[in-house]
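A.B. asks:
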Amino acid sequence: EEEEELETAVRAWPSQSTTSTSSASQTSNVVNERLQELVKLFKERTERVKEKLIDPDNSDDETPPACELPSGIYFKERQQMHTFLYRFPSSIDPFTSLIYVLWLFCVSLAFNWNVWMIPVRWAFPYQTPDNIHVWLLIDYLCDAIYILDILAFQPRLQFVLHGDIVTGKKEMRNNYIKAVRFKLDVVSLLPLELLYFKTGINPLLRLPRILKFMSFFEFNKRLEAILTNAYVYRVIRTTTYLLYAVHCNACLYYWGSSFEGLGFSEWTYDGTGNSYFRCYYFAVKTLLTIGGLPEPTTLFEIVFQLINYFIGVFVFSIMIGQMRDVVGAATAAQTNYRACVDNTVKYMASYRIPKDVQNRVKTWYSYTWQSQGILDEQELLDQLPDKMRLDIAVDVSYNIISKVPLFQGCDRQMMFDMLKSLRSVVYLPGDYVCKKDEVGREMYIIKAGEVQVVGGPDGKTVFVTLKAGAVFGEVSLLAVGGGNRRTANVVARGFSNLLILTKRDLNEIMVHYPVSQKLLHNFQKMLMKDKKPAEKKEEEKEPISIIPPRAEMPKLLKAVLEMTEKSGMKGTWSKLKDRNNRSSVSWQHSISSSVAPNSPVHEPFSDQDAETLSQISDTSMQIPTTPTSAGDGNVFAEEGSAEEETK
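To convert, note that position 446 of the sequence shown is 446 in full-length UniProt numbering; the numbers rise steadily by one, no gaps.
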């Protein structure tokens, strides 16, 4: 449609044959008219495209119109049955899916049942014909969980291939089949229970179920990624490993005692009390090498005890090392904090910093650690990619900066760039955030806490209290009015957390966003208008001068007068007097017969007259010259003003 309108408009232009080609002016007029019409058409088409982009029409020209039913015909709306069936996903993200983590928890429970109960049922006489159906029911339930994991969950796990996330069913299934995990899962489900018909119900035939350990370790990894304090779970898991080692040793000790006979010697279990707890106590003393054990007497007892000692030392040392690593990783940040505090205290002590300053530094360290759990969060964020750092900054600070009046209407991406440049700083109660007349290079956004604008003769008068979300320092940031000087003192009322944006970062960001830069300039003009109304009122009170003031004396004339005064006017006027006397005498001698006696005006000049004539009056300066034949001398006058003479 737009192209047809454009072609129609072009055809509608007057043909060149209708215009006179002889005149160059007419040709230029035609060209200008055509160019203007062409520009107008392009502008109209651009506006139509913009309107469609902003408010697109839901209807399509190619779609057929909806069929309208007669007014008398109505269809009864069919009632849909609400189904509560869960639709199993076609693919599962193993890193973010909570359903998969819950399923791994079920698989881990089945795995732990087999790991803990198989040795107990093999060594201790807890499996009897009376309760065998309960043991078998739980065993087969665990086997069903294993089978469901192999058939339903593992073939649907997404994986990364050459940087791409693969979600195809066939590719995911083939990836699982080719993995080692699939082979271990299949071996763990070997139906060795069929041998029950020949050997009886022997729990050792279920030992392959322990090969499902990869699902258990994966559950631990996924759970640690979810938990906030993962080190607590690591400590519990490491302790569980130690308890399981003691559990297996207790089962072996009871089996050894049964092999030789209960109560056969002082070293063997005598069969009194709870068999499991008695054997577990013996295993703890053996593996932890506590001592106080009865001496083995037979060769079997000696060999068994030697193996116990070796395994105990090996397992115990591994557990101690694991526990040390777990606790060290859990307290690594606190250890770093203590090291920073100790180094700072040593530095202040070496330079003999006053005690009040040292106490304030210690208070800052303590509050920052308690409130944030880290001293410099920027150091932690710098390790992340730019996109992740932006996501964290948006979640933490976007709600605050979006409410700042200075940035209302600015580009959203520009605000995202500013979020990455913000720096968090903690101020103690009574700290000066900025002082009056100092050079300002930052703008402050209150994230938490309050600050006060103070002043007055004593510097303690509170003008206003700013709370969370308020902004100050934008005047210096935009260099408005008095430039980048601070106009007031700002003091932290309590512990305050401020976000700082430097002028350098803002200028680097605004280069890429000219529209937002224009908005900030408009905001700058508004601030300038707010600061000028008082000055305008004072100017209106002044009386309007009707007669303009006298112009200032030219600088050249001032210089001439100064040089004349320095050279001495008395000598100059004495020379003029002598020259004038000689000319007057010669003149009188030549025309004494034809000219009347001189009037008092032509009397010889005296020193007093020269001094009088050298003075500059309020209105003029007069210099007498050679008298004329009329009997009066020419007088040259230089206009001046009393105001200029005073200057």
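We put the CB at the ideal spot given by N, CA and C, even for glycine.
The model shown is predicted, which means the values in this text are computed figures rather than measured ones.
So the beta strand (DSSP E) residue 648 belongs to, where does it begin and stop?
C.D. replies: The chain is shown from 1 up to 647; residue 648 falls before or after that span and cannot be answered.
A.B. asks: Please report how far the alpha carbon of residue 284 lies from the alpha carbon of residue 267, in whole angstroms.
C.D. replies: Rounded to whole angstroms, residue 284 to residue 267 spans 15 Å at the Cα level.
A.B. asks: Look at residue 497 and residue 424 and say whether their C-beta atoms are less than 8 Å apart.
C.D. replies: Their beta carbons are under 8 Å apart, which means residue 497 touches residue 424 by this criterion.
A.B. asks: Grab me the residues of residue 414's own chain with a C-beta within less than 7 Å of its C-beta, minus the 5 sequence neighbours each way, in chain order.
C.D. replies: Cβ within range, chain order: 509, 513 and 516.
A.B. asks: Determine, using beta carbons only, whether residue 280 and residue 246 come nearer to each other than 8 Å.
C.D. replies: The answer is yes: Cβ separation under 8 Å.
A.B. asks: Okay, do the stretch 362-375 and the stretch 390-406 touch, 3+ Cβ pairs below 8 Å being the bar?
C.D. replies: Output reads no: the stretch 390-406 does not touch the stretch 362-375.
A.B. asks: Pull up the distance between the alpha-carbon of residue 263 and that of residue 254, whole angstroms please.
C.D. replies: Spanning the two alpha carbons is a distance of roughly 11 Å.
A.B. asks: Residue 237 lies in the alpha helix (DSSP H); which residues open and close that run?
C.D. replies: It spans 230-260 - the alpha helix (DSSP H) in which residue 237 sits, taken as one unbroken run.
A.B. asks: Would you give the residue range spanned by the alpha helix (DSSP H) that residue 146 belongs to?
C.D. replies: Start and end: 132-148.
A.B. asks: Counting only runs of 4+ residues fully inside the stretch 391-476, write out the alpha helix (DSSP H) ranges in chain order.
C.D. replies: You should have 412-421.
A.B. asks: Determine the contact status of residue 313 and residue 289, defining contact as a CB-CB distance below 8 Å.
C.D. replies: Yes, they are a contact pair.
A.B. asks: Taking all protein chains shown into account, decide if residue 347 is buried (16 or more other Cβ within 10 angstroms of its Cβ) or exposed.
C.D. replies: Exposed, since its Cβ has fewer than 16 Cβ neighbours within 10 Å.
A.B. asks: If you follow the alpha helix (DSSP H) that residue 336 is in, where does it begin and where does it stop?
C.D. replies: Here the alpha helix (DSSP H) through residue 336 covers 332-350.
A.B. asks: Specify the secondary structure class of residue 107 as computed by DSSP and reduced to three states.
C.D. replies: Residue state, collapsed to three classes: helix.
A.B. asks: Any contact of the stretch 438-457 with the stretch 489-504, i.e. 3+ C-beta pairs under 8 Å?
C.D. replies: As far as the Cβ criterion goes, the stretch 438-457 touches the stretch 489-504, which means the pair count is three or higher.
A.B. asks: Around the C-beta of residue 111, are 16 or more other C-beta atoms found within 10 angstroms, so that it is buried, or is it exposed?
C.D. replies: Looking at its Cβ environment, which holds 16 or more other Cβ atoms inside 10 Å, residue 111 is buried.
A.B. asks: Express the C-alpha separation of residue 180 and residue 136 in angstroms, rounding to a whole number.
C.D. replies: Cα to Cα, the separation comes out at about 29 Å.
A.B. asks: State the Cα-Cα distance for the pair residue 207 and residue 384, rounded to the nearest angstrom.
C.D. replies: Taking the straight line from one Cα to the other gives about 45 Å.
A.B. asks: Alpha carbon to alpha carbon, how far is residue 333 from residue 195? Give it in angstroms, no decimals.
C.D. replies: Spanning the two alpha carbons is a distance of roughly 56 Å.
A.B. asks: Should the stretch 287-304 be regarded as contacting the stretch 207-216, the criterion being three or more beta carbon pairs within less than 8 Å?
C.D. replies: No: the two stretches stay apart, fewer than three of their Cβ pairs being nearer than 8 Å.
A.B. asks: Would you be able to state if there are at least three C-beta pairs under 8 Å between the stretch 128-143 and the stretch 228-247?
C.D. replies: In short, these stretches do not touch, since the Cβ pair count stays below three.
A.B. asks: So, for residue 282: in the same chain, excluding its five sequence neighbours on each side, which residues have a beta-carbon less than 8 Å away from its beta-carbon?
C.D. replies: Only 250, 253, 269 and 293 meet the Cβ criterion.
A.B. asks: Specify whether the stretch 147-159 and the stretch 119-127 touch according to this definition: at least 3 beta carbon pairs, one from each stretch, less than 8 Å apart.
C.D. replies: Taking 8 Å as the limit for Cβ pairs, the verdict is that the stretch 119-127 does not touch the stretch 147-159.
A.B. asks: In its own chain, which residues sit with a C-beta less than 7 Å from the C-beta of residue 472, not counting the 5 before and 5 after it?
C.D. replies: Excluding residues within five positions, the ones whose Cβ falls inside 7 Å are 444, 466 and 490.
A.B. asks: In angstroms with no decimal places, state the Cα-to-Cα distance between residue 338 and residue 375.
C.D. replies: In a straight line, the C-alpha of residue 338 is about 11 Å away from that of residue 375.
A.B. asks: Give me the Cα-Cα distance between residue 95 and residue 220, rounded to the nearest whole angstrom.
C.D. replies: C-alpha separation (whole angstroms): 12 Å.
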